[in-house]
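Peer 1:
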Amino acid sequence: MLVMDEKAKHEAMMKKIEAGEKLESPDEITAEYKEHLLTLMIAQADSELAGAYGYIPWIEGAPTVAEKLAMANIVKDEVRHGKAMYDLLDRLGVDVYKLINEDKMKHRMQVFYEPIETWADLVMFNFLMDRAAGHQLKDAIECSWGPWSRTMIQIEKEEWMHVKHGETWVRKLAADPATKADVQRALDFWFPKVNKVFGKADTESNKEYQKFKLKQRDNHDVRVSWYEEMTPLLKSYGLVVPAITVVE
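Mapped onto the numbering used here, the consecutive letters of the sequence shown carry residue numbers 301 to 548.
Now the structure itself:
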């Protein structure tokens, strides 16, 4: 059987995508589709590990033994999510060892370089960033690449468990006059940084992702969903929520 040429492969692939079917084999996808798929999956894989690294110091720094266990469990979850993503990349022929040992800084988002200096910082990062990840993962669940879509279902459930941890602590700190100012400062610090993680609005690359159903929405639409979901919560805690901005 002759290998399908790229044009015929593209047509067959798009027919499945437009019919709402999942692509399952590397043989079904074009080089262009694979390039876009790898860009998104590598970014997520690195973010899972980078997120875990940020929580590690707080196993020691958490205020109670119960919270030390909670931090350890979040680290375990995030590393497991990272492994699941790197396993998917390995199956697509990516040199995973090189990626995590030599090329990791090429893909790391700026938010992971920011210092987490206090418990209020940590739980606000937890509240905002894990919630942002949850909104992004909703798009990945609906993506056209079947192996990624299925992996995201379990990861998304666990990310929302992490969100609830941050939510509990932000509410608790905001209710205490002794710590309310600390949590407001943490919100003011982290909000603009997490606002940027969704990426630029209305880009050509994002239109390509949507064409291939690797993303379902524009980056700014996901940002707006995140903002609209968390703002009523933060206001109910008596916190002042910064204005959302379009990243261009």
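Even for Gly, the Cβ is constructed at its ideal location relative to N, Cα and C.
Alpha carbon to alpha carbon, how far is K493 from E417? Give it in angstroms, no decimals.
Peer 2: 15 Å
Peer 1: Could you give the DSSP three-state label for L284: helix, strand or coil?
Peer 2: Only positions 301 to 548 of the chain appear in the structure, and residue 284 is not among them; the question remains open.
Peer 1: May I ask which residues mark the beginning and end of the alpha helix (DSSP H) holding P532?
Peer 2: 519 to 536
Peer 1: Name the DSSP beta bridge partners of L389, please?
Peer 2: DSSP, once it has assigned bridges, lists no residue as partnering L389.
Peer 1: Closer than 8 Å is the cut-off here; do at least three beta carbon pairs connect the stretch 496 to 514 with the stretch 453 to 467?
Peer 2: no
Peer 1: Put M301 into one of helix, strand or coil per three-state DSSP.
Peer 2: Bear in mind that a pLDDT of 40 at M301, under 50, signals an unreliable position, so the model cannot answer this.
Peer 1: Can you tell me whether DSSP reads L514 as helix, strand or coil?
Peer 2: L514: coil per DSSP, three-state reduction.
Peer 1: Could you check the C-alpha separation between F498 and I544 for me, to the nearest Å?
Peer 2: Taken atom to atom, the span from the alpha-carbon of F498 to that of I544 is near 12 Å.
Peer 1: Which residue's Cα is closest to the Cα of K368: G382, V423, V411?
Peer 2: V423
Peer 1: How would you label R523, buried or exposed, when you count the other beta carbons within 10 angstroms and need 16 or more for buried?
Peer 2: buried
Peer 1: Quick check: what's the CA-CA separation for I329 versus W469?
Peer 2: 44 Å
Peer 1: Going by DSSP in three states, L539 sits in which element: helix, strand or coil?
Peer 2: L539 falls in the coil class under three-state DSSP.
Peer 1: Drop a sphere of 10 angstroms on the beta-carbon of A486, count the other beta-carbons inside from all chains shown, and report buried for 16 or more, exposed for fewer.
Peer 2: buried
Peer 1: Using alpha carbons as the reference points, say which of I374, T531, H520, T479 lies closest to E348.
Peer 2: Selected option, being the one with the closest Cα: I374.
Peer 1: Work out the CA separation of L392 and A474 for me, nearest whole Å.
Peer 2: Rounded to the nearest angstrom, the two C-alpha atoms are 46 Å apart.
Peer 1: Taking Cβ to Cβ, would you say V396 is nearer than 8 Å to D403?
Peer 2: no
Peer 1: Three Cβ pairs or more, each shorter than 8 Å: is that satisfied between the stretch 336 to 350 and the stretch 311 to 318?
Peer 2: no
Peer 1: When DSSP builds the beta bridges, which residues end up paired with W448?
Peer 2: Partner(s): none; W448 has no beta bridge.
Peer 1: How would you call K513, buried or exposed, if buried means at least 16 neighbouring beta carbons within 10 angstroms?
Peer 2: buried
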